[in-house]
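**Student:**
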Amino acid sequence: MRSKQAATMSDVAREAGVALGTVSKVINGQPVGEPYRLKVEAAVKKLDYQVNPSAKALKSSRSGFIALIIPDTTTPFFALLTQYINLALEKRGYKMMLCFTGRDSDREQEFIRMVRRNQADGIIALTYTPDLQIPAGIPFVTIDRFFSVDVPCIASDNFGGGRLAAQKLAELGCKRLACLRIGSSLINEPSKRKDGFVSGCMELGLPFEVCNLPDGSPLSAFEVFLKKNILYAGQPLDGLFCGNDLLAWQVVGLLRRLGLRVPEDIFLTGLDDDGALQAYGYYTDYAPGTPAVAIAAAELLMERARCTGPLPEPVRKVLATHMRAVLKPGTKLPAAEVPPDPAKTTRQG
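Residue numbering for the sequence shown is 50 to 398, as defined by our numbering.
1) Output needed for E64: all residues of its chain with C-beta closer than 7 Å, excluding positions within five of it in sequence on either side, in chain order.
2) Just confirm the distance between the C-beta atoms of F126 and L295, as a whole number of angstroms; I'd bet it's less than 8 Å.
3) Does the distance from the CB of F290 to the CB of C228 come in under 8 Å?
4) Mind reading off the beta-carbon distance from V190 to I173? Whole number of angstroms is fine, and I expect it under 8 Å.
5) So, helix, strand or coil for T71, using DSSP?
6) Where do the ends of the beta strand (DSSP E) carrying N293 lie?
7) For the alpha helix (DSSP H) containing K140, name the first residue and the last one.
8) With 16 as the cutoff for other CB atoms within 10 Å, does S240 come out buried or exposed?
9) Please check the pair R353 and P188, which I expect to be a contact at CB under 8 Å, by giving their CB distance rounded to whole angstroms.
10) By the three-class DSSP mapping on this structure, what secondary structure does A214 have?
11) State yes or no: is the C-beta of V259 within less than 8 Å of the C-beta of V273?
12) If you compare alpha carbons, which of F149, R141, F208, R162 is closest to T131?
13) Using 8 Å as the Cβ pair cut-off and three pairs as the minimum, do the stretch 153-166 and the stretch 307-316 touch?
14) Cα separation between L147 and I115?
15) Compute the beta-carbon to beta-carbon distance between Y177 and A343, rounded to the nearest angstrom, for a pair I have assumed lies under 8 Å.
16) Between G265 and Y85, what straight-line distance do the alpha-carbon atoms span, to the nearest angstrom?
17) By Cβ distance, which residues of its chain are closer than 6 Å to A204, with the 5 residues on each side in sequence left out?
18) R396 to L280, Cα distance in whole Å?
19) Could you tell me the alpha carbon to alpha carbon distance between F160 and I118, rounded to whole angstroms?
20) Any chance you could list the alpha helix (DSSP H) runs of at least 4 consecutive residues sitting entirely within the stretch 262-309, in chain order?
21) In chain order, what residues of the same chain have a beta carbon less than 6 Å from the beta carbon of P267, not counting five sequence neighbours either side?
In structure tokens, the structure reads:
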């Protein structure tokens, strides 16, 4: 049995009754009259015409791929961010090339070299390498890692989020607070959460403690801290702020081992929306959510990837933060408010 031959662009032009150049314009997103566009799209659908991505890349000197460099895909926040960036790029006509590094600086640098060999049109990165070499001319956007004024960065208002956490815990009547954080020793955007928390406590005149551990530290160090400041303290901690929701989820487990209930005995909040706290039916309302961060990163990179002249001036875009409440177990929030995705409201091409 003879297989059906794949339709060509000439077949589409014949079926639509238009010039070959008109078909090319429609496929490549260039403006044509609406009647012509509808005819071409109907012919493409009828003939099941498939664009050859390799040929298109050779013609345009673009691959249609964007590289996402990320430490891993097992951490809940990283996994959720990967999902939403993939969706945001697909809506803009790009495919995502996933590059997970395991926090290996050599692997990160190799991915950069790969992009230089025209295997991807740009990079979105969440990187832990402070001296990463980023060649000029490559569209590059970082998330939560500010390198320099030459590299665009998308970040939440981490300082404001930490400050809000202190305020919300105080509103619940907490009298002695603590910030628990485990993370990179680099000065980066997420480290500002602790600074904001400290600022919020000082503004409110509340006593506080900080337990700040480097990456790789065992959770047992937090357990020692909690025993000392809750079980054996004259004025025990009654409000905890964790640097992210994954840590908050782990701390809930530590507190249970100490015989403490959340929130009956102690209030606790994180500062993400990755769903880790929902394992215990505990909800924190926080924005911007991961979808908003992904959309902002994709939009900023597209602006640079589609630029035919010199790249526009880099920007540092900070997304506003709000936290309406720190809630009790079993209390479910309405869907998070997410800014509309321009790709849903504006026809591309």
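Think of the CB as a built atom: it goes at the ideal place given N, C-alpha and C, for glycine as much as any other residue.
**Tutor:** On the basis of the coordinates in this document:
1) A92, K95, L96
2) 7 Å
3) yes
4) 5 Å
5) helix
6) Element bounds for N293: n/a, residue is neither H nor E.
7) K140 -> no alpha helix (DSSP H), and no H or E assigned at all.
8) buried
9) 4 Å
10) helix
11) no
12) F149
13) no
14) 9 Å
15) In fact, because the Cβ distance is near 19 Å, the residues do not count as touching under 8 Å.
16) 60 Å
17) D193, E238, V367
18) Note that R396 scores 31 on pLDDT, short of 50, meaning its location in the model is unreliable; the coordinates nonetheless yield the value given after this. Each residue's alpha carbon lies about 59 Å from the other.
19) 8 Å
20) 269-275, 294-306
21) none
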